[in-house]
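Report on the structure given below.
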Ligand code: NAI
């Protein structure tokens with residue numbers, strides 16, 4: 003636990019909870035990084051880890067990221083995250099495991115709100131909701147906003163426009179070339195929005211059927227998954243998995259902008275510096291991909307979920323990205339640091355007001 007504890011202390015997390023429910027084969031970690039702006043919201047991740055320390059470290063790191071994402075998105079929501087370590091057998095079954103996790107969440111009396119993340123599904127969220135109200139990302143039948151992907155795609159689209167405007171001094175995207183890595187829920191929606199604006203598309207996905215869809219419906223050019231990095235393009239949009247922007251891929255990039263939906267796009271913090279040295283503009287992932295969390299957070303608003311408010315907030319993402327890029331240029335700071343500074347400023351102002 004040495005690594006996890008040093009992270010906890012250095013990054014100022016408020017609370018770390020570890021729950022054991024051996025009867026259902028569950029160990030759950032809930033990390034609350036900062037609740038100044040409101041209850042801590044962040045998804046529930048279920049995957050295998052090499053060690054318990056690794057799992058706790060992941061929860062802490064992801065919770066901190068949610069603090070910045072939620073603050074920057076203008077939400078009255080803090081940052082948290084949970085990690086579930088499940089026995090491979092799940093002993094009594096998946097439903098029982100999530101019911102037990104719901105009791106863990108409930109015991110925090112609303113300080114933490116969970117949502118879907120890697121390894122968990124909307125159905126799991128539905129199970130949690132039978133035991134605790136402190137969940138977000140519910141299906142429309144349960145009073146939620148449904149699939150977040152279209153909203154995330156909209157924010158990424160506006161962010162890409164902001165990046166292009168910075169370089170070309172026009173918001174018109176006609177004739178711009180964008181390469182998209184990953185045509186899942188977000189990537190395909192984004193592709194559709196871009197093509198409507200006259201953007202030329204190059205795409206890659208490890209699933210051939212998604213590529214075929216993009217060719218047939220959108221007239222996209224498909225390249226091999228490894229070849230996507232070296233495509234000559236204006237914007238490279240990572241919308242697949244994390245850490246695809248790394249030392250090796252940066253050396254291959256032939257774009258002017260990296261702006262996409264994937265969480266934790268940079269393999270290491272040093273990679274943003276590498277992008278800058280190559281003259282490539284970077285839209286920080288946690289600023290540009292906030293559409294999904296904006297949708298989820300809306301369920302906790304007084305009066306319940308309101309789609310028009312979600313649209314209004316998602317429309318702010320492009321402006322936030324533009325502000326970050328402008329401040330980055332004027333200050334010489336990396337865009338990621340500027341984004342964290344802006345998020346922290348909002349939290350500091352809320353603390354000062356309360357004091
Ligand atoms: P998804 O799982 O629906 O789609 C990912 C796509 O990437 C799949 O089609 C998959 O075949 C493809 N893929 C995987 N590895 C690849 C590779 N090496 N090269 C090319 N394609 C590859 O995921 P979704 O929902 O579209 O999200 C995309 C990214 O955005 C993820 O990293 C996710 O964490 C992040 N994100 C998603 C949000 C949402 O609202 N869905 C919100 C914020 C972030």
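Residue numbers (this note's numbering): 3 to 357. In this text, a Cβ means the ideal position worked out from N, Cα and C, and glycines have one as well.
Contact the stretch 137-150 vs the stretch 163-182: 3+ CB pairs below 8 Å: no
Residues near residue 159 in its chain [Cβ-Cβ closer than 7 Å; skip 5 each side]: 192, 195, 196
Proximity test, residue 241 beta-carbon vs the ligand NAI heavy atom, cut-off 8 Å: yes
C-alpha gap between residue 276 and residue 330, whole angstroms: The straight-line gap from Cα to Cα measures roughly 15 Å.
The ligand NAI heavy atom lying under 8 Å from the CB of residue 254: Checking the Cβ of residue 254 against the ligand NAI gives no.
Own chain partners of residue 234 with C-beta closer than 7 Å, once the 5 adjacent residues on each side are dropped: Beyond the five residues adjoining it in sequence on each side, residue 234 comes within less than 7 Å, by CB distance, of 256 in the same chain, given in chain order.
Cβ neighbour criterion (16 or more within 10 Å) applied to residue 77: buried
CA-to-CA distance, residue 266 to residue 204, given in whole angstroms: 22 Å
Span of the beta strand (DSSP E), counted from its first residue to its last, around residue 62: Per DSSP, residue 62 belongs to no beta strand (DSSP E); it is in the alpha helix (DSSP H), 54-74.
Test item: CB-CB of residue 88 and residue 120 under 9 Å: no
Local conformation of residue 308 per DSSP, three classes: coil
Element boundaries [beta strand (DSSP E), containing residue 18]: 17-23
Beta-carbon spacing of residue 332, residue 40 below 9 Å: No, these two residues do not count as a Cβ contact at 9 Å.
Euclidean distance between Cα positions of residue 199 and residue 220: 12 Å
Of the listed residues 29, 288, 34, 297, nearest to residue 16 (C-alpha basis): Closest by C-alpha distance to residue 16, out of 29, 288, 34, 297, is 34.
Pair within 9 Å by beta-carbon distance, residue 26 and residue 99: yes
Per-residue DSSP class, three states only, for residue 81: strand
Proximity winner among 236, 231, 258, relative to residue 247 (alpha-carbon distances): Out of 236, 231, 258, 231 has the C-alpha closest to the C-alpha of residue 247.
Environment of residue 311 [buried if 16+ CB atoms lie within 10 Å]: exposed
Neighbourhood of residue 384 by C-beta, 6 Å cutoff - its chain only, sequence neighbours within 5 removed: Residue 384 lies beyond the residue range present for the chain, which begins at 3 and ends at 357; the question has no answer from this structure.
Cβ-heavy atom distance, residue 246 to the ligand NAI, below 8 Å: It does: the Cβ of residue 246 is within 8 Å (strictly closer) of some heavy atom of the ligand NAI.
Which of helix, strand or coil DSSP assigns to residue 36: strand
Assumed close pair residue 299, residue 110 - CB separation to whole angstroms, cut-off 8 Å: Residue 299 to residue 110, Cβ: 17 Å. No contact.
Proximity below 9 Å, CB of residue 71 to CB of residue 82: no
Span separating the alpha-carbon of residue 2 from that of residue 357: Limits of the chain in this structure are 3 at one end and 357 at the other, which puts residue 2 out of reach.
Coarse secondary structure for residue 206, derived from DSSP in three states: Looking at residue 206 - three-state DSSP - the assignment turns out to be strand.
Of the listed residues 297, 103, 243, nearest to residue 263 (C-alpha basis): 243
Closest Cα partner of residue 349 within the set 38, 14, 10: 38
Option in 173, 30, 226, 94 with minimal Cα separation from residue 324: The option with the nearest alpha carbon to residue 324 is 173.
Residue 249 burial status per 10 Å Cβ neighbour count (16 or more: buried): exposed
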